[in-house]
Every structure is written in C-alpha cells, then in structure tokens.
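Numbering (the numbering used here), first residue to last: -19 to 171.
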Amino acid sequence: MELLKQKILAEGKNLGQGILKIDSFLNHQIDVKLMEAVGEEIARRFRHLEPTRVLTAEVSGIIPAAMAAKALGDVPVVYARKRRPVTMREPVFVDSAPSHTKGGEVLLMVSPEFLHVGDRVLIVDDFLASGRTIDALGRIVQQSGATLVGIAAVVEKVFEGGRDVLHHWGVPIEAMATIVDMSNGRIVLAN
C-alpha cells in the first residue's frame, strides 16, 4: 500500500532495537482514513476465504481489525484480552506471548462465547515481527475448534523472522507494508 508506505517514511521513527514508532497514525493516535484504506485492502486480499470472524490482540490491533471486518461485510471482531475482566467467566481460551515493547510475557484470553467451532477466523494485527503474538492467537483459534483462514498485518518487519514462525499454519500471510531493514536508524521498505 503506497499510502501506508509514505506515512511510515514521513512519520515513523526508528527507536533502535527493531522498534518502529508509528504512534502518530496507529499505535496512539489514529489516522482513520488511512486505517480505513488498510482495512479495505486487507478485505480485498482475504474476502475469497470467507472469514466469519476477525481476531486480534488488544490494543493496537483493534482498529485495523475493525476496519477490515467492516470492509468484509461487518463480520464480528474479537480481541484477545490481556487482563481478564470480572465479566469473563472461566473457562477461557488462553495462551501467552512475549511483548516486544512492554518486555516480558503477556497472557492473551478469549471467551468461548465469541469464538466457535465452525468459525473461519482471519487474524489481523498491527505488526508482524517475531510472529509470537500472532502464533499465540493461532493457538487460541485452534483451542476453540475454529478454522484459521489467514493472517494480515499492517506492518511486517521481515528481519525478525515472524513469517517463518507462522508458516506452520499453512494459511496466506499478507502485510500491507514490509520493512526490510532498520539498521543504523534507517527505515527501509520493500518495493
């Protein structure tokens, strides 16, 4: 997506250690028109797989997931919670993943009320980096008995190897923008 690439180059900040700050349009403040375009592109690439649910992790994946779900025809969005609220009764589908920006492991939890056998699930997240958060979401889909049909990310950092980690799912993996290098303070995008 050319518009997304331009925005990353204009406003993205390389904070070192593989951390890309895109807070001005996704991870803190939202550029709604851009995220709507991202959602439409995700829907275009995955519509043929007929997803019935979109799954993401809170917090930063929610906006692109919601925009993709809307463009897919208003399918429900389910987001994995990182803290279990009192309204989420046991048992829950749960898995853990490392947090690159927060440090340490986080638990991801989804209520069985919202993910069912027979669902066709598209995972949408803000970043595909190490792949471990998306892999945990895949395991939650597997626990539920639903079918994982695809994985989409707004930004992929290929040098972190996440695509290889997710290859075992055997589903299409698409990124709307791909970063191939962040060494020496640079942000280098794939063509």
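Cβ coordinates follow ideal geometry from the N, Cα and C atoms, glycine included.
All figures in this text were calculated on a predicted structure; none of them were measured in a lab.
Item to check | Rounded separation between A109 and E93 - CA only | outcome: If I take the Cα positions, the gap works out to 29 Å.
Checklist entry - Just curious, the alpha helix (DSSP H) that A46 is in, first and last residue? => result Looking at the DSSP string, the run of the alpha helix (DSSP H) that includes A46 is 42 to 51.
Checklist entry - When DSSP labels each residue in this structure, what does S163 get in the three-state scheme? => result DSSP, read as helix, strand or coil, puts S163 in helix.
Item to check | Member of D99, L(-17), A(-10) whose CA lies at the smallest distance from the CA of L29 | outcome: Taking the Cα of L29 as reference, the smallest distance to any Cα among D99, L(-17), A(-10) is reached at D99.
Item to check | Collapsed DSSP secondary structure at A17 in the structure displayed | outcome: Correct three-state label for A17: helix.
Item to check | Continuous alpha helix (DSSP H) assignments of at least 4 residues falling wholly in the segment 73 to 148 | outcome: The segment 73 to 148 contains these whole alpha helix (DSSP H) runs: 112 to 124, 142 to 146.
Checklist entry - Assuming D106 and S4 make a contact with CB atoms under 8 Å, what is their CB distance in whole Å? => result That belief does not hold up - the Cβ atoms of D106 and S4 are roughly 14 Å apart, past 8 Å.
Item to check | Status (buried if at least 16 other CB within 10 Å, exposed otherwise) for T67 | outcome: Its Cβ having fewer than 16 others within 10 Å, T67 is exposed.
Checklist entry - Where A132 and E20 are concerned, what is the direct C-alpha to C-alpha distance, given to the nearest angstrom? => result Each residue's alpha carbon lies about 12 Å from the other.
Item to check | Separation of L87 from P71, as counted between CA atoms | outcome: Annotation: P71 to L87 spans about 14 Å, alpha carbon to alpha carbon.
Checklist entry - With distances taken between CB atoms, is the gap from L160 to V138 smaller than 9 Å? => result Leu is not the amino acid found at residue 160; the sequence shown has Val there. Against a cut-off of 9 Å, the Cβ pair of V138 and V160 comes out as a contact.
Checklist entry - Which class does E30 belong to by DSSP, given the choice of helix, strand or coil? => result Collapsing the DSSP output to three states places E30 in coil.
Next on the checklist: One question on the structure: do L52 and F73 come within less than 9 Å of each other, judged by their Cβ atoms?
Outcome noted: Taking 9 Å as the cut-off, the beta carbon of L52 is found no closer than this to the beta carbon of F73.
Item to check | Euclidean distance between Cα positions of R24 and K50 | outcome: The alpha-carbon atoms of R24 and K50 are separated by roughly 12 Å.
Checklist entry - Do the CB positions of R33 and V12 come within less than 9 Å of each other? => result For R33 and V12, no; Cβs fall outside 9 Å.
Item to check | Span of the alpha helix (DSSP H), counted from its first residue to its last, around A(-10) | outcome: Segment -18 to -9, the alpha helix (DSSP H) holding A(-10).
Item to check | Start-to-end residues for the beta strand (DSSP E) that takes in V58 | outcome: If you look at V58, you'll find it in the beta strand (DSSP E) that goes 57 to 60.
Item to check | Inter-residue spacing [alpha-carbon to alpha-carbon] between D75 and A48 | outcome: Taking the Cα positions, D75 is about 24 Å away from A48.
Checklist entry - Do A77 and A116 have their C-beta atoms within less than 9 Å of each other? => result For A77 and A116, yes; Cβs fall inside 9 Å.
Item to check | Residues bridged to T36 (per DSSP) | outcome: Paired residue(s): Y59.
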